[in-house]
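Take any residue in the sequence shown, note its place counting from 1, add 5, and you have its number in full-length UniProt numbering.
Notes to accompany the following structure.
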Amino acid sequence: TSASSEGEFRFKVVLLGEGAVGKSSLMLRYVEDKFSPRHVSTIQASFLSKRLDLGDNHVDLDIWDTAGQEKYHALGPIYYRGSHGALLIYDITDKRSFEKVKIWVRELQRALGETAVLIVVGNKLDLESERTVDRTEAIQYAKSVNAEYVETSAKENLGLADLFEKISSLMIDKW
Ligand code: GDP
Numbered sequence: 006t007s008a009s010s011e012g013e014f015r016f017k018v019v020l021l022g023e024g025a026v027g028k029s030s031l032m033l034r035y036v037e038d039k040f041s042p043r044h045v046s047t048i049q050a051s052f053l054s055k056r057l058d059l060g061d062n063h064v065d066l067d068i069w070d071t072a073g074q075e076k077y078h079a080l081g082p083i084y085y086r087g088s089h090g091a092l093l094i095y096d097i098t099d100k101r102s103f104e105k106v107k108i109w110v111r112e113l114q115r116a117l118g119e120t121a122v123l124i125v126v127g128n129k130l131d132l133e134s135e136r137t138v139d140r141t142e143a144i145q146y147a148k149s150v151n152a153e154y155v156e157t158s159a160k161e162n163l164g165l166a167d168l169f170e171k172i173s174s175l176m177i178d179k180w
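If you want it as structure tokens, here you go:
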């Protein structure tokens, strides 16, 4: 259990998804309100922390990025271990990245069982005109694996506060 006292929570959230879907960008935008048009291939830390106030509950989120390791499919148990939640991220303009989410979900469930809260995230919502993954299909897929579904843009800072509040509330309900 993560509650150190009433209303105080600390949760580990891992980011998963194909390279270049925007994992590092989402984390940097949300935690530090920064965005770079270039690929942020390595960040200094393996995770960044952010404190959220949700009514009477205070949540410290440790958000873990893969730091490019997904390319080698080398994410070991240390990456997943102890995760309370996972964001399965794809790029709405890249169908292959959506198919990759399905593989990550299976891998995560193999590693963690059904314990973690899952949210499927369609990123790059600012590129709506280039969308190739149907929103309804993505919502249905998320439902089929007991995950929530959210769309975001790290570039335009759309949906990120809602996303992290949503996963925090779900984790509070679960733990
Ligand atoms: P990662 O490999 O999954 O961590 O992806 P990055 O965060 O490095 O992002 C890959 C590329 O996509 C970079 O060029 C980012 O600037 C760009 N990017 C990330 N998020 C968005 C977004 O919401 N909209 C657009 N248009 N580009 C984005």
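Beta carbons are placed, not taken as given, at the ideal position from N, Cα and C, and that holds for glycine.
Values in this document were obtained by computation on a predicted structure and should not be read as measured data.
Residues sharing a beta bridge with residue i, DSSP
i	result
Val126	Ile94, Val155
Leu163	Ser158
Asp58	His63
Ile68	Val18, Leu53
Given residue i as reference, the closest of the options once Cα atoms are compared
i	options	result
Ile172	Ser158, Glu161, Leu163, Ala152	Ala152
Lys160	Val106, Gly24, Tyr35	Tyr35
Glu133	Leu57, Glu23, Met32, Ser158	Ser158
Asp70	Val64, Ser174, Ser29	Ser29
Glu119	Lys179, Arg140, Val126, Asp38	Lys179
Met176	Arg140, Asp38, Gly87, Glu37	Gly87
Ala91	Phe40, Val26, Lys148, Val126	Val126
Ser149	Asn62, Phe40, Lys107, Pro42	Lys107
Phe14	Arg111, Thr141, Val110, Gly60	Gly60
Asp96	Ala143, Glu170, Arg43, Phe40	Ala143
Leu170	His63, Asp38, Val26, Gln145	A small fix is needed here, since residue 170 is Glu in this sequence, not Leu. It is His63 whose Cα lies nearest to the Cα of Glu170.
Arg101	Phe40, Val138, Tyr85	Val138
Ser51	Tyr154, Tyr85, Pro42	Tyr85
Range of the contiguous alpha helix (DSSP H) that encloses residue i
i	result
Glu37	28–37
Glu104	100–117
Glu142	140–149
Pro82	82–85
Beta-carbon proximity check, residue i vs residue j, cutoff 8 Å
i	j	result
Leu20	Ile94	yes
Leu163	Leu113	no
Ala121	His89	yes
Leu66	Phe103	no
Met32	Ile68	yes
Lys105	Glu156	no
Ile124	Leu53	no
Arg56	Thr98	no
Asn128	Val26	yes
Residue span of the beta strand (DSSP E) that contains residue i, given as start and end
i	result
Leu21	13–21
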